[in-house]
Amino acid sequence: MDNEPKENRGKNTDFEFEKFKYKVEIVKWFIGSVTLVVISMMIEWGFRDRAAGLSEIKEYDKYATDLIILNNDPVKKRMLAQYFSKVTPSDKLREGWEAYFKEVDLEFRSFLEKDSLAKARLAELSRDTTTITDSIKGRELAMLSETIQENQRIIHQPIVLPSNRTINPIVYIQFGHDSDRAKTNGIRSKISGQGFSAPGVELVESAKTLSENEIRYFWESDLVFANSLKGLLMDDGIDAVVKFVPAYRNKTKEGTLELWIK
């Protein structure tokens, strides 16, 4: 039979309960600290990944323009997509290049198939003794010869590398209300660390009339920068529409953007 006084048993119970609460608080603190560290690391990784992605986009843009648009043939496009689908460090961009490679690979295979069929038909017409006297077959023979010659040029033509000119995007920020100055400077600080140059903010009366925030760009090639800026703003819960304003192109350089805060 337990002879310990009830008062002492009550004190021991209270003591054990306090120890239990203390341990619970320690566990809660540990879980909270680990969660905070993990979230901080994820946010930092996200910022670094976006900054790296923007830098990659700037570099790939000139390759896409010069090697895909100016050398618009399936051989060069496939070579470019195959290369960047393997070496691109950014996961999202690499996935995009991998998807693009699948598309151009199908185009490349179709190109080779058509070239093979053209060569087979040319050989057939060349063996046909009536081709010389048949005007229709003669025209087909000439067309096939030109097509095959052009295909060979495409296959064997060396890639023309783009120039080393790079564009560093710059964002001019306008806002309409002086009470939003601190918020606007916060936006400027954030985008300045993500691959953009933002020299300052400007209070503009006309910005008060805006119904929504606007990202304005003036050159077609700057759309990729405008969309990247839009993504950065969305991360902070700031929505903005992207607008193309070619009328002011002659007054701006490539890579120039304007962010208008309503």
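Each residue of the sequence shown is one higher than the last, beginning at 39 in the numbering used here.
Don't be surprised by glycine CBs; every beta carbon is placed ideally from N, CA and C.
On a predicted model such as this, the values are computed, not experimentally measured, just so you know.
- Counting other Cβ atoms within 10 Å of its Cβ, Asn189 reaches 16 or more and is therefore classed as buried.
- When only Cα atoms are considered, Ser259 and Phe146 end up about 26 Å apart.
- Inter-residue distance for Glu243 and Tyr255 is about 20 Å (C-alpha atoms, whole angstroms).
- Comparing alpha-carbon positions, the option among Thr185, Arg191, Gln232, Leu248 lying closest to Val113 turns out to be Arg191.
- For the region 129-180, the full-length alpha helix (DSSP H) segments reaching 4 residues or more read 129-165 along the chain.
- Only residues of its own chain outside the window of five on either side were considered, and among them Val280 have a CB closer than 7 Å to the CB of Asn265, listed in chain order.
- Three or more beta-carbon pairs separated by less than 8 Å link the region 266-279 to the region 216-234, which places the two stretches in contact.
- In its chain, beyond the 5 residues on either side, Phe256 have a beta carbon closer than 6 Å to the beta carbon of Thr290.
- Taking every protein chain shown into account, the CB of Ala285 has fewer than 16 other CB atoms within 10 angstroms, so this residue is exposed.
- In its chain, beyond the 5 residues on either side, Ile208, Tyr210 have a beta carbon closer than 8 Å to the beta carbon of Pro237.
- Taking the C-beta atoms as reference points, Gln120 is found nearer than 8 Å to Phe139.
- DSSP, read as helix, strand or coil, puts Ser183 in helix.
- Shown here, Ile205 sits in coil according to DSSP, grouped into three states, outside any helix or strand.
- Thr222 is classed as buried because its beta carbon has at least 16 other beta carbons within 10 Å across all chains shown.
- Following the DSSP letters along the chain, one finds Lys281 inside the beta strand (DSSP E) bounded by residues 279-282.
- For Asp111, same chain residues with a beta-carbon under 7 Å away, outside a window of 5 residues either side, are Ile192 in chain order.
- With contacts defined as CB atoms closer than 8 Å, Leu270 and Leu297 fail to qualify as a contacting pair.
- DSSP, reduced to helix, strand and coil, places Val239 within a strand of the structure shown.
- Of the residues assessed, Gly233 falls on the buried side of the cut-off, its CB having 16 or more other CB atoms within 10 angstroms.
- Setting aside the 5 residues that flank it on each side, Arg219 is surrounded in the same chain by Phe213, Val239, Leu241, each with a C-beta closer than 8 Å to its C-beta; the list follows chain order.
- The beta carbons of Leu179 and Leu155 sit no closer together than 8 Å.
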